[in-house]
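Chain order of the listed sequences is A and B.
All residue numbers for the first sequence refer to the numbering used here, where the first residue is 844 and numbers rise by one.
All residue numbers for the second sequence refer to the numbering used here, where the first residue is 4 and numbers rise by one.
Just so you know, even glycine gets a beta-carbon here, dropped at the ideal spot from N, CA and C.
What you are looking at is a predicted structure, and each value in this text was computed from that prediction instead of being measured.
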Amino acid sequence: MLTTEEYSRILDVLEREPNKGEVAVFEAMWSEHCSYKSSKRWFHLFNVKAPYVELGIGEGAGLINLGDDLLVGIGLESHNHPSAISPYDGAATGVGGIIRDILSQGCKPIAILDAIRFGELEKSQHSQYLLENVVRGISFYGNCCGIPTVGGEVEFAPQFENNCLVNAMCVGVVQKSKVVRSIAAKPGSFLVLYGARTGRDGIHGVSFASKDLSDKSDRDRPAVQIGDPLMEKILIDVTLELVEKELLDGLQDLGGGGLSCAVSEMTHKGNTGAIIRLEDIHLREDDMEPWEILVSESQERMLAVVECDKLDEVVSILNRQDLTYGVIGEVTDNSHCIAYSRGEKIVDLPVDLIVDGFPEPERITEKPDYLKEEDSVVPDFEDLNQEIIKLLSSPNIGSKAWVYQQYDQHVQTQTVVPAGSDAAVLRLDNGKHIALSLDCNSFMVYLDPYNGTANSAAEAMRNLIATGAKPLAFVDCLNFGNPENPDSYWQFVESIKGLGQFSHDFNIPVVGGNVSLYNESFIEDKRERINPSPTIGMIGIIENPEKLIKNSFQEKGNFVVTIGECDGNLNGSEFLRNNFGILQGKISQYDKQKEVSSRKAIENLNQSGYIKSCHDVSNGGLITALAEMTFENEIGVKLDLLENDSFIKLKLEEFLFAETPSRYVIEIHSEHIESATKIIEGKVSFNIIGKTNSQPKIEIENFLILEIKQLKNAWNKAISQYMED
Amino acid sequence: MQIGVTKFPGTNNEQDVLRALKSLNVKGELIYPWEEKKLEDLDALVLAGGFSYGDYLRPGGIAAQSPVAEKLIDFEKNGKFIIGICNGFQILCETKILPGVLTTNLSTKFICKWVNIKTETARSPLLKNLAPIIKIPIAHYEGRYYHNASGIKKINTEDSVAFRYCNEQGEITQESNPNGSMENIAGIVNAKGNILGMMPHPERASFDYLGTDFGKQIFVNLIEEIKC
């Protein structure tokens, strides 16, 4: 809904009352989802530059140059509200939308990753239902389109019970000379709408996404779009042919806000205008009102700008593939978007007013009350082994195989490292490898949005480093509560500051993303808000495939070394949260210097060829990292910690479970340990903590013996035990 | 030498098959559903996987009614080779060129993972020189092989089972059966041995960087047979 202030602005500029069609356009385009009216003002905090960035924030895909003029396009988007009330279709169309975003720049989609968040599986059947159907939706859509889903993350917390999050990331490739922009630059060009027919689904989708959910949200089900992956697959194939033949002068998918958004954004970027004729649009239902056609969010549609002399060829390709299309209008030079319906003018608005003419709303920040709580205290527990098994049984820690085995991870035959490792790795046609990670620790962000976010971004980076990749760029999906609530807005602003700081500190630019606010709900008059969740999707390159690092122990008899120092801080840890239900206190602060030293240590050791395997330490702390490294090859590890400073200083549970950032575990062959030590000595805090062996156990002499089999069993069942009969 | 690779709307493995063939210096040719005339010039056809026509009726159901599919029987009768992979296998069953059906996985979920299969017959030249146990990916929602009792008996008597799912040691066990296929059947050949249908993806096991290239041998065999 437009605010009074917004409506007055429209009256002032137009000097007349807007008609029904025009109001519908403003409602869509000035919604939070399309306009970024609460968030855009902070984007200047991001580092957006690097020599290899070919296209930054602002269009469907950010583009980065991998060399040889092969560009990688990357995008990340949310589909939270639709997935909360219609999980299957909501998730499926979330995937469809981000694929078309990438396609808009002419990229061939080559990978999908998803970050999904739900309430607690062990307590909530509703969350089981959502997980079941969100995964099915992603699987159904992505698999059918022939794009491998290679990674992502899954997180569970009560805060997501009524506000689940579904973020989809897509990566594509395009030759630099074939890039298409989402711009309508040349007056006289034709606007061609192709793909699915336009129906009533998804009307007001962006408005629905720009308000809080409530117990009445079920009534908004018609605002959820319905996906057709076969149509998407055909759309992809045809678009790639049009791109290859260089027939398009501009291209944008129809997503939030539908046609009104695509036309106004493309003409706005091109300093042009457009005339469209609604009767030339193919409809699913004959009796649609003109305003419905303008803002329908029916899926699998693209709007192309085609120069006059290329129209015949475009049309013949669309005809050959039997794809519905309409030449629905022309690009003009009068800076207005004008829509006719059977000769009657129903919209005539200045492009600038539609796209960024909204009055920027005042937003207030206020530090939330919950942050005043004191540090957590570890309750007494009896049996450490049982606590470790309980931790590994947490759906947040345990195996996500139940999820990713439903995704086709191998189609396109480029998947070198599939889901389940620190980062997914794909081999591109030119022989180069890219690594992809998608991360956020919402618990840490909840306790400290600034440091939690910077550390989450650092974790996304560590996942790439642990795979041997050099991070290049990232995209973000900023999922937060209602910006009209000062405490929610404070979380958002702090988080963006942290992310901005990280992007400058490591010179890793932000090349795209999406903001999803209003992830709050009033259910039975009780306020519920998600943990603030800035998910970060990062891409890195592995120039030399021989430098690809494995994440699990490779051989017995090798040294196990920790890089970075444990601070023993358990606040925000999965151990306290999962095992004892405690989430409070001050988290480990983001520390650029430590993060840099640890990263350099791994990079230098890998350069010298000394790393047999590597895994970053994150959720669940050191013991989880070690356990995960033993699982694949069932190679055990025996730790000798009697001279380990952190071990001596800290309590055992702090040493094992703290999630201190900037840390890695690495495996080094005994022959190399001396030279390896020389490389990092004095440059980073590190400890040789033990050796791998053939015993299928994790052992700390005099303190702890754990059977790998038992750990693995708990870890394997963490999610599946709630999802299978 | 002309090897065709089918591309129905919704087929999505055709480029992967082309890539495997290209690595063996063979340029495959895409065959669209309306290009049945092209079949006459082909030496062999690979029915690539994916979701032809979205699998909207049932997997392979609509593709089986296409002009190209209607010519498959003639193609087979002429002794030319056809390999149907995943959705291609489903199409071969839908056209009754191979016996049985492929139905929903027992888990009622899409399953994508690496499995082991064991070659069970030497009757088809396409199965020559294969490793005894092949690690290979599957990716399907409807891959559970099913046939009635007499049908299964016939397949066994005729030695038509190409592959069965097995464990790393080559034992055919219930645990190693990913989708509930009858008798762990992962692929079958026809009596003449010129038609092979399989749910696992050999093209996804054709390069070392993917984990193994054991699957490539099937394409090597195909090319050798055509050369003969």
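Item, Value
"Just list the beta strand (DSSP E) runs in the segment 1432-1494 of chain A, keeping only unbroken ones of 3 residues or longer that don't cross its boundaries, in chain order.", "1456-1459 and 1479-1482"
"Mind checking whether residue 1256 of chain A and residue 1175 of chain A have CB atoms under 9 Å apart?", "no"
"Where does residue 53 of chain B fall in DSSP's three states?", "strand"
"Is the beta carbon of residue 78 of chain B less than 9 Å from the beta carbon of residue 24 of chain B?", "no"
"Report, in whole angstroms, the separation of the C-beta atoms of residue 1157 of chain A and residue 1090 of chain A, which I expect to be a contact under 8 Å.", "5 Å"
"Would you check if the segment 860-879 of chain A and the segment 1104-1113 of chain A touch, i.e. whether three or more CB-CB distances between them fall below 8 Å?", "yes"
"Within the segment 1127-1156 of chain A, note down every full beta strand (DSSP E) run reaching 3 residues or more, in order along the chain.", "1144-1149"
"Of all the options A/1227, A/1392 and A/1504, which has the alpha carbon lying nearest to the alpha carbon of residue 1604 of chain A?", "Coverage of chain A is limited to positions 844 through 1568, which leaves residue 1604 of chain A absent and any answer about it impossible."
"Measuring alpha carbon to alpha carbon, tell me which residue in A/846, A/1564 and A/1453 is nearest residue 1514 of chain A.", "A/1453"
"Write down every uninterrupted run of the alpha helix (DSSP H) in the segment 1235-1313 of chain A whose length is 4 residues or greater and which is fully enclosed by it, in chain order.", "1244-1247, 1285-1290 and 1292-1308"
"Tell me the residue span of the alpha helix (DSSP H) that contains residue 1033 of chain A.", "First-last for residue 1033 of chain A: 1033-1038, but that is the beta strand (DSSP E), not the alpha helix (DSSP H)."
"Against chain B, does residue 1460 of chain A count as a neighbour if the rule is that its beta carbon must be under 9 Å from one of theirs?", "no"
"Determine the extent of the beta strand (DSSP E) in which residue 992 of chain A is found, giving its start and end residues.", "992-999"
"With a threshold of 9 Å between beta carbons, is residue 131 of chain B in contact with chain A?", "no"
"Could you spell out where the beta strand (DSSP E) holding residue 1018 of chain A opens and where it closes?", "1008-1018"
"Check whether the Cβ of residue 1073 of chain A lies closer than 9 Å to any Cβ atom in chain B.", "yes"
"Could you check whether the Cβ of residue 1010 of chain A sits closer than 9 Å to any Cβ belonging to chain D?", "No chain D is part of this structure, whose protein chains are labelled A and B."
"Given that residue 1013 of chain A touches chain B, what residues does it touch there, using C-beta distances under 7 Å?", "In chain order: nothing, as chain B lies at least about 15 Å away."
"Going along chain A, which residues have a C-beta under 9 Å from residue 213 of chain B?", "1253, 1256, 1257, 1258, 1259 and 1270"
"Would you mind sorting residue 816 of chain A into buried or exposed? The rule is 16 or more other CB atoms within 10 Å of its CB.", "Residue 816 of chain A cannot be examined here, being either before or after the span of chain A that is shown, 844 to 1568."
"Leaving out the 5 sequence neighbours to the left and right, which residues in its chain are closer than 8 Å to residue 1057 of chain A when beta-carbon positions are compared?", "1364, 1365 and 1366"
"Please say whether residue 1086 of chain A and residue 1094 of chain A have beta carbons closer to each other than 9 Å?", "yes"
"Chain B beta carbons: is any one of them nearer than 9 Å to that of residue 982 of chain A?", "yes"
"Checking 9 Å against the spacing of the C-beta atoms, do residue 1443 of chain A and residue 1330 of chain A come in under that value?", "no"
"Among B/64, B/116, B/82 and B/138, which has the Cα closest to the Cα of residue 196 of chain B?", "B/82"
"Would you decide whether residue 1234 of chain A is buried or exposed? Buried here means 16 or more other CB atoms lie within 10 Å of its CB.", "buried"
"Could you name the residues of the segment 90-113 of chain B whose beta carbon sits closer than 7 Å to any beta carbon of chain A, in the order they occur along the chain?", "112 and 113"
"Residue 1425 of chain A by DSSP, collapsed to three states: which one?", "coil"
"In the structure shown, what three-state DSSP assignment does residue 1187 of chain A receive?", "strand"
"At the 9 Å Cβ level, is residue 64 of chain B part of the contact set with chain A, yes or no?", "no"
"Rounded to the nearest angstrom, what separates residue 1243 of chain A and residue 995 of chain A at their Cα positions?", "10 Å"
"Can you tell me which of the three DSSP states residue 1052 of chain A falls into?", "helix"
"Name, please, each residue of chain B whose Cβ falls closer than 9 Å to the Cβ of residue 1076 of chain A.", "12, 13, 14, 15, 53, 54 and 57"
"Which same chain residues, not among the five before or five after residue 11 of chain B, have their C-beta less than 6 Å away from its C-beta?", "36, 55 and 66"
"Short of 7 Å Cβ to Cβ, which residues in the segment 1234-1254 of chain A face chain B?", "1248, 1249, 1250, 1251, 1252, 1253 and 1254"
"Would residue 140 of chain B count as contacting chain A if we go by Cβ distances under 9 Å?", "yes"
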